[in-house]
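So the structure is just underneath, and the comments pick up after that.
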Amino acid sequence: MSADRLAFVKAVIAAPDDDLPRLVFADWLDEHSDPRGEFIRLQIDRHRRGGRGIGPREYELLVEHEPAWRGELPEGCDAVRFRRGFIDKARCHARHLFDHRPILAPVEHLTVVVRDLRTEWLAYSPPPFTLPVKELTVDCREPVGRELLGVLRRFGPFPRLETLRLLDPYFGPAGLENWFPDDTFPRLRELDLSRCEVNDAGAEALAENGWDDRLTRLVLRDNPISPGRRDWLRHRFGDRLVI
1 MSADRLAFVK
11 AVIAAPDDDL
21 PRLVFADWLD
31 EHSDPRGEFI
41 RLQIDRHRRG
51 GRGIGPREYE
61 LLVEHEPAWR
71 GELPEGCDAV
81 RFRRGFIDKA
91 RCHARHLFDH
101 RPILAPVEHL
111 TVVVRDLRTE
121 WLAYSPPPFT
131 LPVKELTVDC
141 REPVGRELLG
151 VLRRFGPFPR
161 LETLRLLDPY
171 FGPAGLENWF
181 PDDTFPRLRE
191 LDLSRCEVND
201 AGAEALAENG
211 WDDRLTRLVL
221 RDNPISPGRR
231 DWLRHRFGDR
241 LVI
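What the sequence shown shows, in my numbering, is residues 1 to 243, in sequence order.
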């Protein structure tokens with residue numbers, strides 16, 4: 001990616017809700033006879049009109065150019081969705097995020113698949129996470145446990161994150177024991193810990209660590225929580241609790 005193109009992309013990532021950087025980039029692409037400019041304009045226009053799906057011309061451009069435009073993601077990412085001209089949703093394996101070049105797209109909905117947690121990853125000190133992610137799912141195909149939260153903190157802060165889903169049967173109470181609302185996830189409002197083996201100790205931590213003042217939705221489906229601790233959670237979270 002050229003220095004000019006990279007500067008435009010970084011401007012889009014820095015202001016994900018603003019159409020202006022996208023349209024300025026589209027002008028530059030038009031000047032360089034790049035069909036991505038037309039695609040950006042088409043998608044922004046449909047978004048502004050409240051249109052759904054993908055229009056015929058957008059589809060034609062994607063069929064021809066999507067493989068090249070996916071180059072903004074590390075190799076191996078899939079489940080891609082384009083919105084307002086750029087990739088806003090993707091699923092990536094953790095090893096690609098750790099071992100390869102960064103994501104260069106304003107991704108707001110990201111799923112990270114973890115198949116193992118290497119020793120070198122636990123000591124990894126990345127630069128601050130710059131993606132405008134609003135919804136993050138961490139899908140641990142091999143159980144990770146309490147170290148998972150430490151890895152997320154090293155990638156933080158996540159200034160725009162509103163929804164966090166952790167899928168790890170080893171996370172449980174050990175991951176929750178010392179987890180308090182902090183600046184890592186300053187806008188977090190929905191926490192989904194379904195099937196994370198959250199037991200009574202984990203339920204007490206959620207009820208007593210300050211999350212009742214932060215969350216608008218707490219999802220704890222399929223966890224071994226006793227009736228008494230469920231009642232305690234309902235007392236703290238009310239109808240914000242899904243269990």
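In this text, a Cβ means the ideal position worked out from N, Cα and C, and glycines have one as well. Being a predicted model, the structure only gives us computed values, none of them experimental.
Residues that DSSP places opposite residue i in a beta bridge
i: T163; result: E135 and E190
i: V112; result: C92 and V138
i: V219; result: D192 and V242
Candidates the options: closest to residue i by CA position
i: E108; options: P159, F8 and G210; result: P159
i: D78; options: E64, A26, L61 and H96; result: H96
i: V219; options: T163, F180 and R48; result: T163
i: L176; options: L161, R189, K89 and E208; result: E208
i: G71; options: R5, L23 and D17; result: R5
i: R217; options: R91, E190, Y59 and R229; result: E190
i: N199; options: Y170, P16 and W69; result: Y170
i: R22; options: R41, H32 and E31; result: R41
i: A14; options: G51, E197 and P106; result: P106
i: L167; options: R187, F180, F185 and V113; result: V113
i: A174; options: G76, L149 and D139; result: L149
Inter-residue spacing [alpha-carbon to alpha-carbon] between residue i and residue j
i: V80; j: I87; result: 7 Å
i: R49; j: K134; result: 23 Å
i: D183; j: M1; result: 33 Å
i: D34; j: L61; result: 11 Å
i: P303; j: L131; result: Lying before the first or after the last residue shown, residue 303 is absent from the chain, which here runs from 1 to 243.
i: N178; j: D212; result: 15 Å
i: A7; j: G37; result: 16 Å
i: G210; j: F180; result: 6 Å
Contact under 9 Å by Cβ, residue i with residue j
i: R84; j: I54; result: no
i: L73; j: A90; result: yes
i: R115; j: F98; result: no
> Can at least three beta-carbon pairs, one atom from the segment 230-242 and one from the segment 189-207, be found at a separation below 8 Å?
Replying inline: yes
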